[in-house]
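Keeping their order, the protein sequence lines are chains P and S.
Position 65, counted from 1, in the first sequence is what the working numbering calls 66; the numbers after and before it change by one each time, with no gaps.
Position 66, counted from 1, in the second sequence is what the working numbering calls 68; the numbers after and before it change by one each time, with no gaps.
Before any comments, here is the structure.
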Amino acid sequence: FTAGNPKWKTNNLTYRILNYTPKMRQADVDEAIQKALSVWSNVTPLTFRKVEDKEADIMISFAYRDHQDNSPFDGPNGQLAHAFQPGEGIGGDVHLDEEEAWTKDGKGYNLFIVMAHELGHSLGLSHSTDPGALMYPAYSYTDPNEFLLPQDDIDGIQAIYGQSNAAVQPTGPVTPQACDPNLTFDAITILRGEIIFFKGRYMLRKHPSRAETELNFISLFWPKLPSGIQAAYENVEKDEVLVFKEDKYWVIRGYDIAPRYPKPIYHLGLPKTVKRINAAYNDENTGKTYFFTADRYWRYDENKKSMDHGYPRKIVSDFGKIGRIDAAFQKDGYIYFFHGTTQFQFDPRAKRIVRQMKSISWFNC
Amino acid sequence: FPVPPEAEDEGKTLQIVETYLQNFYNLQRDHQPHLRNKSESPLTAKLKEMQAFLGLEVTGKPDLDTLEMMKKPRCGVPNIEQYI
Chain P
2 FTAGNPKWKT
12 NNLTYRILNY
22 TPKMRQADVD
32 EAIQKALSVW
42 SNVTPLTFRK
52 VEDKEADIMI
62 SFAYRDHQDN
72 SPFDGPNGQL
82 AHAFQPGEGI
92 GGDVHLDEEE
102 AWTKDGKGYN
112 LFIVMAHELG
122 HSLGLSHSTD
132 PGALMYPAYS
142 YTDPNEFLLP
152 QDDIDGIQAI
162 YGQSNAAVQP
172 TGPVTPQACD
182 PNLTFDAITI
192 LRGEIIFFKG
202 RYMLRKHPSR
212 AETELNFISL
222 FWPKLPSGIQ
232 AAYENVEKDE
242 VLVFKEDKYW
252 VIRGYDIAPR
262 YPKPIYHLGL
272 PKTVKRINAA
282 YNDENTGKTY
292 FFTADRYWRY
302 DENKKSMDHG
312 YPRKIVSDFG
322 KIGRIDAAFQ
332 KDGYIYFFHG
342 TTQFQFDPRA
352 KRIVRQMKSI
362 SWFNC
Chain S
3 FPVPPEAEDE
13 GKTLQIVETY
23 LQNFYNLQRD
33 HQPHLRNKSE
43 SPLTAKLKEM
53 QAFLGLEVTG
63 KPDLDTLEMM
73 KKPRCGVPNI
83 EQYI
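Dropping the structure here:
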């Protein structure tokens, strides 16, 4: 919250776009701003009306370097924009650094994302310490089509203006905490020796010889990947990671997504009855990849590039009572299966579960 | 893990740190800029404040993670004293 808890005295606010950047089509700027306003009006009683020819509560403009507000911009990168807390005159106004590479996608800086953040300030929010929050001070890209206002921001703005008038109160994604005992995972894979845990739009990254766990947005490394990855595995031979969501899969090569992806999972030989994959791991010794869905699993031969005969098989008959598998990976000869907050260590040689742990056991909690 | 850059000279590091803390943490421009000073200088105090806020390890020193965070594009903090 901003010191002094400034807020607008009315819920019905006006905004005006004073000028436009030449780097985007005017319609795209209008759309980005409208979408950014709706981020806040969707979760509060606030409404925003556009005015053209008079003073508005929120005056939006693109500005260069020193622009007479005692807070000069600094050219490309660095400071992207700033906004003033609620109040008369300059209060509520948003200034955007004209020298940034404004875009409507993942290249450069996405105007919608920055605008939504700045409007948070215009409405009275300060910066958040939650790295997943919209109001976190550092820029991070999220596909505008996938953007959901995080719970931290919802809690903040509703503390100032109250809840939305909607019958069903909106909720938002919560930033995963590595040592949260209730933490579960969508997918896990090894990536060049590190363990990558996928959760919503985040990935937790753990290097075996570093104590701390790093939290990042998936979009930081792979802007074109969706959030909510459901399965992933590494093909060490080809230095590729395959990630799966619904009936599609992508091939990751370092920071790049291989061209002509995503492709249908049926190209791997899975039947059309399979709509999604819950978990997958690759056994680098045998070159076989195991795909788990519901209570069955398939085995794929990476060398022959085809499914092995005799599959699917029942998970319980070959791996034991694990239940639905959320994620799996192989490390040091063992397979680690994740079911909710529980983790099973499976020994493929003894063909049995040899240990049961918490899912967060990898994070030095 | 990230390979530390060649020994970035202390002057350049100090410049990055000072500018960042002046821009975003209200570090006064006439503070005493010793990074190695034992008693906590205003700069070290502001550095710790920044590290704590952004979820970094609070060392009071411009370590790799801190410098990397300082180079990230971010929202500015307008100087509103004259308006208040």
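Every residue gets a Cβ at the ideal spot worked out from N, C-alpha and C, and that includes glycine.
Of all the CB atoms in chain S, is at least one closer than 8 Å to the CB of residue 130 of chain P?
yes
Cβ of residue 340 of chain P less than 8 Å from any chain S Cβ?
no
Quick check: is the beta carbon of residue 179 of chain P nearer than 8 Å to any beta carbon in chain S?
no
Residue 128 of chain P lies in the alpha helix (DSSP H); which residues open and close that run?
Taken as a continuous stretch (DSSP letters only), residue 128 of chain P belongs to no alpha helix (DSSP H), as it is neither H nor E.
Can the beta-carbon of residue 331 of chain P be found less than 8 Å from the beta-carbon of residue 301 of chain P?
no
Can we say the region 65-75 of chain P touches the region 18-33 of chain P, given the rule of at least three CB pairs closer than 8 Å?
Counting C-beta pairs with one atom in each stretch, the region 65-75 of chain P and the region 18-33 of chain P have fewer than three that are closer than 8 Å, which means they do not touch.
Kindly list, in the order they appear in chain P, the residues whose Cβ is closer than 7 Å to that of residue 81 of chain S.
71 and 72
Under the DSSP definition of a beta bridge, which residues are partnered with residue 258 of chain P?
Partner residues in the beta bridge of residue 258 of chain P, as assigned by DSSP, are P:253.
Whether or not the region 49-60 of chain S and the region 51-61 of chain P are in contact is what I'm after, with contact meaning three or more pairs of Cβ atoms, one per stretch, closer than 8 Å; do they touch?
Not touching, per the Cβ criterion.
Does the beta carbon of residue 25 of chain S sit closer than 8 Å to a beta carbon anywhere in chain P?
At least one chain P Cβ lies under 8 Å of residue 25 of chain S.
Which residue marks the beginning of the alpha helix (DSSP H) containing residue 323 of chain P, and which one marks its end?
Element bounds for residue 323 of chain P: n/a, residue is neither H nor E.
Which class does residue 150 of chain P belong to by DSSP, given the choice of helix, strand or coil?
coil
Quickly, what does DSSP pair residue 80 of chain P with across the bridge? List them, please.
S:76
Is the beta carbon of residue 311 of chain P sitting closer than 8 Å to the one on residue 353 of chain P?
no
Could you spell out where the alpha helix (DSSP H) holding residue 54 of chain S opens and where it closes?
Start and end: 44-55.
Decide yes or no for the touch test of the region 163-172 of chain P against the region 200-219 of chain P: beta carbon pairs closer than 8 Å, at least 3 of them.
no
DSSP-derived helix/strand/coil call for residue 302 of chain P:
Of the three classes helix, strand and coil, the one that applies to residue 302 of chain P here is strand, per DSSP.
Touch test, the region 115-122 of chain P against the region 130-137 of chain P, Cβ-Cβ under 8 Å, three pairs minimum:
yes
Quick one: list the residues of chain P neighbouring residue 74 of chain S, beta-carbon separation under 8 Å, in chain order.
Under the 8 Å cutoff, chain P gives 139 and 140.
Look up residue 316 of chain P in the DSSP assignment and give the residues it is bridged to.
According to DSSP, which records beta bridges pairwise, residue 316 of chain P is partnered with nothing at all.
Is there a Cβ from chain S that is less than 8 Å from the Cβ of residue 152 of chain P?
Judged by the 8 Å Cβ criterion, residue 152 of chain P is not in contact with chain S.
In this structure, does DSSP put residue 162 of chain P in helix, strand or coil?
helix
How big is the Cα-Cα spacing for residue 262 of chain P and residue 100 of chain P?
34 Å
Closer than 7 Å: is that where the CB of residue 297 of chain P sits relative to any heavy atom of the ligand ATP?
With respect to the ligand ATP, the structure shown offers nothing to examine, as it has no ligands at all.
Inspect the beta-carbon positions of residue 142 of chain P and residue 39 of chain P and report whether they are closer than 8 Å.
no
Let me know the secondary structure DSSP gives residue 185 of chain P once reduced to three states.
coil
Are the C-beta atoms of residue 57 of chain S and some chain P residue less than 8 Å apart?
yes
Where the beta strand (DSSP E) through residue 337 of chain P begins and ends:
335-340
When burial is assigned at 16 or more other CB atoms within 10 Å of the CB, is residue 358 of chain P buried or exposed?
exposed
Classify residue 12 of chain S as helix, strand or coil using the three-state DSSP reduction.
helix
Does the distance from the CB of residue 125 of chain P to the CB of residue 7 of chain P come in under 8 Å?
Closer than 8 Å, so yes.
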